[in-house]
Ligand code: ATP
Ligand code: MG
């Protein structure tokens, strides 16, 4: 990995960029994953590279839903495996979800390598290596899913996902949660719960929330889910960005070293 000086003002961003590049070199991340990462980075600038209140609200509902689910599944792709392998495994463990490798650009080789990364990160079971079912409405390679995983799931967490596939999962009757920095993407708009945050911040926070919320009764968890409106959350994200940009423009961003 390239040597990034810790003193660099955007150290974290460069570190994760390197992780994605390394993921591609190892055959874990697809080339298109690099582009998706860049798109994410652009939106991260707009929200100020921190977790914003509407994302935190969505995370609570997502965790409640995962804890209430009968067959929760967390989907893993090449970007997720490169950025947050340990956190993915830990989140699955605390909420009791299964892990499934599910790729837009599926090759057996990449699936195998991602499963290996997850096992190295502590996963006992990884699904998606021998998918026998297909999501209706998607052509064969993009639609393959595991019978014991996404096929059977009632709640699926599909971070950094394509809009088409998100929509297909919703059509199948799944409760779909996504993590996506772009509040305007089709995935963000199709999902039932959209967490507009960088996955590198979202997963650690969701793990902490899950540890706390595990103690809550089912009634309390259901109450948290019942109040939720994803359209309102997406609107709040857009208004947050608008207000932040207005403030920065009025303050004069060229005068400031750090943006908040
Ligand atoms: P859609 O098909 O949903 O309209 P898209 O074509 O951009 O959108 P993909 O490229 O498949 O869909 O999805 C990648 C999404 O993940 C992008 O919207 C991008 O903003 C987001 N993304 C990339 N990196 C991260 C990250 N680290 N954390 C959160 N979201 C990210
Ligand atoms: Mg797309």
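In my numbering, the protein residues as written are 12 to 271.
Each residue gets a CB set at the ideal place from its N, CA and C atoms; glycine is no exception.
Only a predicted model underlies this, so the values are computations on that prediction, with no experimental measurement involved.
Whole-Å CB distance - residue i paired with residue j, under 8 Å assumed
| i | j | result |
| --- | --- | --- |
| residue 100 | residue 225 | At roughly 17 Å, the Cβ-Cβ gap does not stay under 8 Å, so residue 100 and residue 225 are not in contact. |
| residue 138 | residue 176 | Between residue 176 and residue 138 the Cβ distance is about 16 Å, and since that is not below 8 Å, they are no contact. |
| residue 75 | residue 40 | Contact doesn't hold; Cβ gap of about 31 Å is too wide. |
| residue 78 | residue 221 | 7 Å |
| residue 160 | residue 111 | 4 Å |
Nearest-angstrom Cα separation, counted from residue j out to residue i
| i | j | result |
| --- | --- | --- |
| residue 255 | residue 90 | 28 Å |
| residue 14 | residue 125 | 25 Å |
| residue 234 | residue 123 | 40 Å |
| residue 86 | residue 16 | 33 Å |
| residue 242 | residue 248 | 10 Å |
| residue 136 | residue 108 | 10 Å |
| residue 218 | residue 102 | 5 Å |
| residue 191 | residue 266 | 31 Å |
| residue 240 | residue 189 | 14 Å |
| residue 34 | residue 121 | 10 Å |
| residue 32 | residue 259 | 32 Å |
| residue 151 | residue 144 | 10 Å |
Residue i vs residue j beta-carbon contact at 8 Å
| i | j | result |
| --- | --- | --- |
| residue 84 | residue 187 | no |
| residue 198 | residue 157 | no |
| residue 98 | residue 214 | yes |
| residue 155 | residue 142 | yes |
| residue 165 | residue 81 | yes |
| residue 73 | residue 206 | yes |
| residue 209 | residue 50 | no |
Per-residue burial, residue i [other beta carbons within 10 Å of its own, 16 or more giving buried]
| i | result |
| --- | --- |
| residue 250 | exposed |
| residue 66 | buried |
| residue 228 | exposed |
| residue 19 | exposed |
| residue 27 | buried |
| residue 58 | buried |
| residue 271 | exposed |
| residue 140 | exposed |
| residue 30 | buried |
| residue 46 | exposed |
Chain C contact for residue i (CB, 8 Å cutoff)
| i | result |
| --- | --- |
| residue 54 | The chain inventory of the structure shown lacks chain C, comprising one protein chain alone. |
- Query: If you pair each beta-carbon of the stretch 165–181 with each one of the stretch 126–134, do three or more pairs fall below 8 Å?
  - Reply: Put simply, the stretch 165–181 does not touch the stretch 126–134. Fewer than three CB pairs are less than 8 Å apart.
- Message: If contact is defined by three or more beta carbon pairs under 8 Å, each pair taking one atom from either stretch, is the stretch 66–77 in contact with the stretch 22–33?
- Response: The stretch 22–33 is not in contact with the stretch 66–77.
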